[in-house]
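Residue numbers (the working numbering), protein chains in the order written: chain A, 14 to 650; chain B, 3 to 250; chain C, 2 to 233.
Cβ coordinates follow ideal geometry from the N, Cα and C atoms, glycine included.
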Ligand SMILES: Cc1cc2nc3c(=O)[nH]c(=O)nc-3n(C[C@H](O)[C@H](O)[C@H](O)COP(=O)(O)OP(=O)(O)OC[C@H]3O[C@@H](n4cnc5c(N)ncnc54)[C@H](O)[C@@H]3O)c2cc1C
Ligand code: HEM
Ligand code: HEM
Ligand code: SF4
Ligand code: F3S
Ligand code: FES
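Given below as structure tokens:
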């Protein structure tokens, strides 16, 4: 397999300009002749579909939701970064670039990250023009807040609903193109496979979730913007339906999967309370701006928090990281929380929680300021826990949140299958081994609004594509495969629910491939996952049929894919014999317990190629060179 | 805690539906309403009965997927709370809970509690956007927006498109949803150039779908998980009246 | 599509705008509000005039005569009122049909959270008031159903009319319907034309309530007074 990142030459500041200049263009008269499939209508998908349609391409956009507006992007709370330097606090493209590379613990591609930082400002312009009601100062200017991993205030936000407002902006742009008949939208339609003909991505096969009908759509290029796969862990902050099926099928058709084990664990989530729990709720990272994290100095101290006097509290983040304090990056914070809880200092009934306390902030700023900033988050917390955070400190614990891994893409966001582009959380591109807060929204929109419109044109202009009709033998073959798979799932009629099997997988992954990993655990997981997969195909019970609306069948298909992906994640985690970012291998840590990178051996992107059914996947390495941000040990002390 | 549920079951759009009684046992008060339904579904699955279909995704009250009439109230008894954020601690031992889908001609039923709300998308298609090409936007801070206006626009923009307003309205009106989107965009300077066609076309689209009309019952506002104010309906009416008889 | 409407010549555009306005639910509701407001205005004057009954026969009869001095004006006002009532009824009927059709399957269980009795009974109280008006015209204006009608002798007509207890009862029931209809309507009409502002909402609500109470108490006082023998 060929691994050319296709990064243009020249100084980093001008690479993207150069690339755009060198790109071949599709003539305006020809654009409408190209049909482009966009799978996903989250930030990345909706922005891409709308932008391409504006250019004149014919776009077919798919999502499994009942409206594009429901994509998981809607749930992002905290904000979106941009190097606008509106605060005059020393921000710049270079600094955002630097922070992102460093935050990602030097496992991302410099050129991509630089481009992202360059584009970040345009995203804010674009969104404001669309009517995104970002928070404003009294003078009418845009407001900013600070976020973990940065010492400047560069995060734009719309109350605690930034993702919602950005997605609605993109969704509305998309709806405008649907109205203009430039985009054909397919709701409640799930992509189940990728059609590859002549080595190129030429379409997708879908299941209509209402009728069950299996259909093939042919196109000149396919874009996957299908989000992340954090739900491998069963419990995560992701929406319940987030899944890996689209990218996993593409992987099995030849697209390399990069850094599958890089999973971000978010430090501030509401702790788990019981077995019935279906998901974990994130409390925005922005809370760490004003909230102080602490545990009692006494182990298993069961007194209520207000009975624990100041000197009896350990503000462990402030103690360990005096310069960033509560604002250390997510991976660092999460691990610190896990450590204190594992050591017995945790609070709450389960002992898996720490306090996030606003008493000081309320004292200093007044309750109104705090209400203005976090009111809706506090309400949400109270709704779930029945505790009032204005009076009682919140309890938080880390939870799976984001997957930095994803399909490998080159600088043009094209996967290893020509004609298959991957955007947003579904690709691996910009965050290395750890994503900074408020950077996923930025990346998704950069990909969709500003990168893919250029790079896809170049591909289409340079490529001559044969006509493919939907009775091509490859189409029939692939449709038959899908029918067979669905029939199999429905035919097992075992004893177990999909959820119970998924739960088991999730627990295994959380314990062995979660916040902390080690060789023994990973090897164990690699033995157990195939067994569990076997168990799944022996004992899952999916009722109903295919030719109907069948949520259990949808779920079963997705979990079946998780069962395969989990194995690749563990394999990747095992192979990467270093700690970096969120990938923390117990064997590799500094004496102070921080992640210990091994740049000599592991300064690369691992890109896994499907080896065929029942075969080991093949590991390819894309070396990473750091010319602009010198490789250093991350330190937030 | 143990509960009795009466749930609308209907195989598909064409089939006849009816209320079916289920016992929900051992329900933990910390569960969310949807987690309670999950538990019921697990037990149905064990008995070989098809699970109850209901839409959901984020379970954080933001995606707008979930939604059902719970004891005759859209999203259930808690104020400003979507069904997924409703917790069982608000019910008590032995309660009987009736669960029905959104009822509107414009939201055809797909299965059990799942309905098709794509009419909302079509209303947005008719002008619920600001026409701006990717890349053509001016510098973000070049237009100042007074904080009060931005805040009011945000109040309107907070709508999650769940459809509870339609479901709760005795007239089946989509005025709150439509009014909120018109207000969001028409309140901002960026929305001004298209403000006339926006309100005219969106109201037309809303009517075309067949939603009922607003007679100010205010049920919508009361059940709206984002507490969108009926103020925005009045704004839509005013805007419609003014724009109908003036040109830009 | 309205976009094609932009291409029409100006005069056509105006008429088509009126048609489009009437065809939309929002426009129809504005019509209801405006015609309803005309009704409210009429009721305030009518009620104030009627209170002259308490001053004595001469005053009220003179007032009745005064109203009929300018026939042109009288008929103009009558035409306006008739048009308003008809438009109001047609719009009410059409909108109600649209709303009913939008929910073909009713809920097995439905609980009101914010609406009140008045808002939920508009479709009943309106027609009751409508029937009342017809009866009322036949009663006091044409005298058709009045057992002892004397053209121009308002005081006589009113006092003899109300002495029949079931006539008074019907009037009182109709006034109760009117209370409900106005309690909601006099507030709702402001919303229908978009007069809603956080600063003034309480004021609008209060004014609407005062109008309702005053108008209805004013009207009701007459049959009651007659029945109690206070006016004879
Ligand atoms: C709770 C939470 C809070 C967050 N907060 C922030 C934040 O404050 N700032 C920040 O920058 N990032 C945040 N993130 C991360 C960020 O929201 C996501 O990474 C980002 O929105 C992903 O966008 P996307 O477009 O790639 O994918 P998604 O929004 O997940 O969209 C995926 C789309 O693909 C469709 N799809 C998927 N599979 C298929 C298939 N097989 N067939 C058809 N359609 C398919 C779905 O229907 C959907 O439309 C947060 C994430 C979470 C979980
Ligand atoms: C003839 C019989 C009448 C019928 C059938 C009728 C019916 C209705 C109906 C169905 C509404 C519903 C609108 C809503 O619920 O808000 C309404 C509103 C209203 N009605 Fe009537 N009505 C009648 C007579 C009157 C009269 C005589 C008056 C005035 C004196 C009046 C004043 C109003 C007002 C002010 C509204 C509120 C309009 C708005 O909300 O914009 N109606 N009417
Ligand atoms: C108890 C209360 C009422 C009394 C005593 C009363 C009395 C009268 C009288 C005496 C007339 C005839 C005047 C004349 O021909 O010189 C009249 C006319 C009329 N009344 Fe009333 N009325 C009452 C309530 C109402 C109400 C509630 C309405 C409307 C909803 C109403 C609407 C009218 C109308 C439309 C006319 C005809 C006016 C015309 O001639 O053009 N009245 N009323
Ligand atoms: S206005 Fe409220 S109830 Fe209606 S769709 Fe929006 S969020 Fe739901
Ligand atoms: S409940 Fe219905 S009547 Fe109007 S105020 Fe809300 S849309
Ligand atoms: S599931 Fe998303 S709002 Fe309830």
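Rounded to the nearest angstrom, the gap between the Cα atoms of residue 153 (chain C) and residue 55 (chain C) is 17 Å. Annotation: Cβ neighbours of residue 22 (chain C) in chain B (cutoff 9 Å, chain order): 242, 243, 246 and 247. Taking the Cα positions, residue 95 (chain B) is about 56 Å away from residue 98 (chain A).
Taking C-beta atoms under 8 Å as the contact rule, residue 437 (chain A) and residue 457 (chain A) qualify, at a distance of about 4 Å.
For residue 33 (chain C), the uninterrupted alpha helix (DSSP H) run begins and ends at 26-51, by DSSP. Taking residue 193 (chain B) as the centre and dropping the five residues before and after it, the same chain places the C-beta of 132 and 187 closer than 6 Å to its C-beta, in chain order. Residue side-chain check: residue 180 (chain A) keeps its Cβ at 7 Å or more from all non-hydrogen atoms of ligand 4. DSSP, reduced to helix, strand and coil, places residue 528 (chain A) outside both helices and strands of the structure shown, so it counts as coil. Residue range 106-116 is occupied by the alpha helix (DSSP H) that includes residue 116 (chain A), with no beta strand (DSSP E) assigned at that position. Residue 102 (chain B) and residue 13 (chain B) have their alpha carbons spaced roughly 14 Å apart. Below the 9 Å Cβ cutoff, chain B contributes no neighbours of residue 206 (chain C), its closest Cβ being approximately 12 Å away.
At a threshold of 7 Å, residue 170 (chain B) does not count as near ligand 6, since its beta carbon sits no closer than that to any of the ligand's heavy atoms.
The beta-bridge partner set that DSSP reports for residue 131 (chain B) is empty.
At a cut-off of 7 Å, the beta-carbon of residue 134 (chain C) counts as near ligand 3: some heavy atom of the ligand is closer than that. In the structure shown, residue 198 (chain A) adopts extended strand secondary structure according to DSSP, grouped into three states. Within the segment 53-68 of chain B, contact with chain A at the beta-carbon level (separation under 8 Å) is assigned to 53, 55, 57, 58, 59, 60, 61, 62, 63, 64, 65, 66 and 67.
Its Cα nearest to that of residue 48 (chain A), the residue A:473 stands out among A:538, A:473, A:649 and A:495. For the options B:211, B:230 and B:212, the alpha carbon positioned closest to that of residue 220 (chain B) is the one of B:230. If you check the C-beta of residue 387 (chain A) against ligand 3, you find no heavy atom less than 7 Å away.
Interface flag for residue 219 (chain C) against chain B is unset, since no Cβ pair is found closer than 8 Å. If you draw a 10 Å sphere on the C-beta of residue 490 (chain A), you find fewer than 16 other C-beta atoms in it, and that means exposed. At a beta-carbon threshold of 7 Å, the residues of chain A lying near residue 159 (chain B) are 146, 178 and 181, ordered along the chain. Near chain A, meaning a CB-to-CB distance below 8 Å, the residues of the segment 103-125 of chain B are 112, 113, 116, 118, 119, 120, 122 and 123.
If you check the CB distance, residue 514 (chain A) and residue 273 (chain A) do not come in under 8 Å. With 16 or more other CB atoms across the displayed protein chains lying within 10 angstroms of its CB, residue 525 (chain A) is buried.
By the beta-carbon neighbour count (other beta carbons within 10 angstroms, threshold 16), residue 145 (chain B) is exposed.
The shortest CA-to-CA distance from residue 181 (chain A) to any of A:454, A:32 and A:412 is the one to A:454.
The beta-bridge partner set that DSSP reports for residue 270 (chain A) consists of A:420 and A:621. Against chain B, a Cβ distance below 8 Å from residue 200 (chain C) picks out nothing, because the smallest value is about 11 Å. When only Cα atoms are considered, residue 645 (chain A) and residue 593 (chain A) end up about 12 Å apart. CA-to-CA, the gap between residue 218 (chain A) and residue 499 (chain A) works out to about 13 Å. For residue 33 (chain B), the neighbours in chain A by C-beta distance under 7 Å run, in chain order, 289. Here residue 480 (chain A) carries a coil assignment [DSSP, helix/strand/coil].
Within the segment 453-483 of chain A, those residues whose Cβ lies closer than 8 Å to any Cβ of chain B are, in chain order, 462, 463 and 466. Residue environment analysis places residue 447 (chain A) among the buried positions, since at least 16 neighbouring C-beta atoms fall within 10 angstroms of its C-beta. Taken in chain order, the whole alpha helix (DSSP H) runs of length 4 or more contained in the segment 147-197 of chain B are 149-159, 166-170 and 177-188.
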